[in-house]
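Residues 0 to 165 (numbering that gives the first Met the number 0) make up the sequence shown, in order.
Cβ coordinates follow ideal geometry from the N, Cα and C atoms, glycine included.
Computed from a predicted model, the values in this text were never measured in an experiment.
Note sheet for the following structure.
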Amino acid sequence: MVLIGFMGAGKSSVARELAKSLKMFNLDSDNLIENSEGMSIPRIFETKGESYFRDLEKKLCSFLAKNITNAIISTGGGFVNTKSIKQIGKIIYLKSSFEFIIQRLQNGENSKADFEKRPLLKNLDEAKKIFLQREEIYQKKADIVVCIENKTLKQIAKEIKNKIKD
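In structure tokens:
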């Protein structure tokens, strides 16, 4: 199962909640990349560039598709563009408005850190353009779409579990 959606939509948090209740493994694509590179995503962007990072995502996607089962994978916002994403498993789009995501991040306990670890959120006008471009891609790639606005993690997880059964 793969969670997609824009950066800051809560994919990692939802994945942890789902993994607990479904007794599955929880993997985070950004964490896997950071661990393999030995540096943070902002540092990868800064020192090696975005295209290098996107290549890492492609390699990781291919690896996950071939080697991982019984897992819920939370992905970075651009991971949806990897060609073999559908081979990993059911794709669940955590849908939200751009404004809700920004508000969610601003109201979070670690607001400053949340923005710092997302290099593409440095310029909100540019980030909104990326959001609008990706929104259509998320919708097309998704097997299941769940609106996350004004819902708790438990509510989102329950809705996903119900839609998986259908």
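Task: Stretch pair the region 47 to 63 + the region 7 to 22: three plus CB contacts closer than 8 angstroms - done: No, because fewer than three Cβ pairs between the region 47 to 63 and the region 7 to 22 fall closer than 8 angstroms, the two stretches do not touch.
Open item on the list: Judging by CA-CA distance, which residue of 116, 133, 107 and 163 is the nearest neighbour of residue 91?
Closed with: Taking the first residue of the sequence shown as position 1, residue 91 is located at position 92. Looking at the Cα atoms, 163 is the closest of the given residues.
Task: Which listed residue (43, 44, 133 and 160) has its alpha carbon closest to that of residue 89 - done: Translated into the one-based positions of the sequence shown, residue 89 becomes position 90. Measuring from the Cα of residue 89, the nearest candidate turns out to be 160.
Open item on the list: Using the Cβ count rule (16 or more neighbours within 10 Å means buried), how would you classify residue 22?
Closed with: Taking the first residue of the sequence shown as position 1, residue 22 is located at position 23. Residue 22 should be labelled exposed.
Open item on the list: Just to check my reading of the structure: residue 6 and residue 71 have Cβ atoms closer than 8 angstroms, yes? What is that Cβ distance to the nearest angstrom?
Closed with: Counting from one through the sequence shown, the residue named residue 6 turns up at place 7. Counting from one through the sequence shown, the residue named residue 71 turns up at place 72. No, residue 6 and residue 71 are not in contact; Cβ-Cβ is about 18 angstroms, not under 8 angstroms.
Open item on the list: Can you tell me where the beta strand (DSSP E) holding residue 54 begins and where it ends?
Closed with: Sequence index remark: in the sequence shown, residue 54 carries index 55 (1-based). Counting along the chain, residue 54 falls outside any beta strand (DSSP E), though it belongs to the alpha helix (DSSP H) covering 49 to 66.
TODO: Output the distance between the C-alpha atoms of residue 100 and residue 66, rounded to the nearest integer angstrom.
DONE: In the sequence shown, the residue the question calls residue 100 occupies position 101. In the sequence shown, the residue the question calls residue 66 occupies position 67. Looking at the two C-alpha atoms, the distance is approximately 32 angstroms.
Task: C-alpha gap between residue 25 and residue 124, whole angstroms - done: Numbered from its first residue, the sequence shown carries residue 25 at position 26. Numbered from its first residue, the sequence shown carries residue 124 at position 125. Distance between the alpha carbons of residue 25 and residue 124 is about 32 angstroms.
Open item on the list: My parser needs the beta strand (DSSP E) runs of 3 or more residues fully inside the region 14 to 46; what are they?
Closed with: 24 to 27, all fully within the region 14 to 46.
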